[in-house]
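*Asks:*
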Amino acid sequence: MGQIDGKVAIITGAGSGIGRACAQVLAREGAAIMATDIDTDGLTETARLVDSAGGRITTRHQDVVDEAAWDTVFAETEAAFGAPSILVNNAGIAIAGALADYSLEDWRLQMAVNVDSVFLGTRAAMRAMSGRGGSIINISSVAGLRGAAGASAYCTSKGAVRLFTKAAAVECAQLGTGIRVNSVHPGIIDTPIWQKSITRMTEAMDADRIAALTAHSGANQMDADMIAAQSSPMGRAGRPEEVAELVLFLASDASSYISGQEHVVDGAMTAR
Ligand SMILES: NC(=O)c1ccc[n+]([C@@H]2O[C@H](COP(=O)([O-])OP(=O)(O)OC[C@H]3O[C@@H](n4cnc5c(N)ncnc54)[C@H](O)[C@@H]3O)[C@@H](O)[C@H]2O)c1
145 MGQIDGKVAI ITGAGSGIGR ACAQVLAREG AAIMATDIDT DGLTETARLV DSAGGRITTR
205 HQDVVDEAAW DTVFAETEAA FGAPSILVNN AGIAIAGALA DYSLEDWRLQ MAVNVDSVFL
265 GTRAAMRAMS GRGGSIINIS SVAGLRGAAG ASAYCTSKGA VRLFTKAAAV ECAQLGTGIR
325 VNSVHPGIID TPIWQKSITR MTEAMDADRI AALTAHSGAN QMDADMIAAQ SSPMGRAGRP
385 EEVAELVLFL ASDASSYISG QEHVVDGAMT AR
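Just add 144 to the spot in the sequence shown (first one is 1) and you have this note's numbering.
In structure tokens:
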């Protein structure tokens, strides 16, 4: 018997990385999965992986900043599998760059994809799950707990997710909705977003700035693997499934008295 047998989960950004791992782990434990993303090829691969392991999954194109699409996603999920009781707000982007050169356009895009989406998803889930109960898991970051050079917009967006989660959790509890809301804060996880943000930083900055930034990370160059190894006391980046196992716990009834909390999965990065 799986830990979340019979439950129905919506996972955004499920065409890659942590979202794909969440789809695999939650399906392994018995949930039916609605996997959404703007990357339809990625979704096809996620569906193939879940299908071949015997899980139940359907996929759908969804841009998480499109307000109208949220109601459709919940309606289609219910039509396919029954009422959803798990939402993983995972889709996100990281637009790295030096603060002095950062454009307002990039700032607004960063906030829209990482923060507006979490508000829209949580609101839709509260409307759909109220009274029946459920679990909303918002993927923040260690960047939502502390600052990082070259990541001011990303840190701001993930910090907003952290506090939004707490406010939503209190409101859900006091209204008697039966819905729990938690945030998950991964450290450096080996997925495309991490590699891409390092590449972007390298392209956007001159050599002096890169040297100044990497000196503080303990690495001597802008190399994604090296920074991951130096940043984590465990000496390596995390794997997407190591985040997904935490998401599974928060999605399951084993965490029935846990809400409004920030859960860190970072190989002890923020412990020192
Ligand atoms: N990888 C890390 O080191 C790390 C660390 C902390 C937090 N996170 C967070 O984890 C989450 C997942 O990231 P990941 O590491 O799996 O990266 P990823 O790039 O592998 O996956 C992100 C997914 O989100 C999708 N996406 C982007 N914009 C979207 C939009 N507007 N609508 C729908 N989908 C969209 C992408 O297509 C992609 O499939 C993100 O919120 C990220 O900020 C990642």
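All residues carry an ideal CB built from backbone N, CA and C; glycine is no exception.
Write down every uninterrupted run of the beta strand (DSSP E) in the segment 176-221 whose length is 3 residues or greater and which is fully enclosed by it, in chain order.
*Replies:* Here the runs fully enclosed are 176-181 and 200-205.
*Asks:* With a 10 Å radius around its C-beta and 16 neighbouring C-beta atoms as the bar for buried, classify alanine 244 as buried or exposed.
*Replies:* Looking at its Cβ environment, which holds fewer than 16 other Cβ atoms inside 10 Å, alanine 244 is exposed.
*Asks:* Note the first and the last residue of the continuous alpha helix (DSSP H) segment covering serine 261.
*Replies:* Taken as a continuous stretch (DSSP letters only), the alpha helix (DSSP H) holding serine 261 covers 261-273.
*Asks:* In its own chain, which residues sit with a C-beta less than 8 Å from the C-beta of leucine 253, not counting the 5 before and 5 after it?
*Replies:* Hits under 8 Å: Ile237 and Ile239.
*Asks:* Return the Cβ separation of threonine 266 and glutamine 206 in integer angstroms, given the expectation that the two are a contact with Cβ distance under 8 Å.
*Replies:* With 8 Å as the limit, threonine 266 and glutamine 206 do not qualify as a contact, their Cβ atoms being about 15 Å apart.
*Asks:* Going by beta-carbon coordinates alone, are alanine 165 and arginine 383 separated by less than 9 Å?
*Replies:* For alanine 165 and arginine 383, yes; Cβs fall inside 9 Å.
*Asks:* Please confirm if the segment 317-327 is in contact with the segment 400-412, defined as three or more CB-CB distances below 8 Å between the two stretches.
*Replies:* Yes, they touch.
*Asks:* Would you list the one or two residues that DSSP bridges to glutamate 406?
*Replies:* Answer is Ser327, bridged to glutamate 406.
*Asks:* Look at the alpha carbon of alanine 317 and the alpha carbon of cysteine 299, and state the distance between them as a whole number of angstroms.
*Replies:* Straight-line Cα distance between these residues: approximately 27 Å.
*Asks:* Check whether the Cβ atoms of glycine 159 and isoleucine 177 lie closer than 9 Å to each other.
*Replies:* No, the Cβ-Cβ distance between glycine 159 and isoleucine 177 is not below 9 Å.
*Asks:* Excluding the 5 residues preceding and the 5 following alanine 388 in the sequence, name in chain order all residues of the same chain whose CB lies nearer than 6 Å to its CB.
*Replies:* Ala165, Cys166 and Val169, listed in sequence order.
*Asks:* Under DSSP, the alpha helix (DSSP H) around valine 314 begins and ends at which residues?
*Replies:* Note, valine 314: alpha helix (DSSP H), 296-318.
*Asks:* Check the C-beta distance from lysine 151 over to serine 229 and give it rounded, since I have them as a contact under 8 Å.
*Replies:* Sure, about 5 Å apart at Cβ, within 8 Å.
*Asks:* Starting from alanine 235, trace the alpha helix (DSSP H) in both directions and tell me its first and last residue.
*Replies:* No alpha helix (DSSP H) contains alanine 235, which DSSP labels as neither H nor E.
*Asks:* For a test of your reading of the model: does the CB of valine 325 fall under 8 Å from any non-hydrogen atom of ligand 1? Yes or no.
*Replies:* Valine 325: no, Cβ never under 8 Å from ligand 1.
*Asks:* For the segment 332-347 against the segment 302-316, do three or more pairs of beta-carbon atoms, one drawn from each stretch, fall closer than 8 Å, so that the two count as touching?
*Replies:* With the cut-off at 8 Å, the segment 332-347 and the segment 302-316 do not touch.
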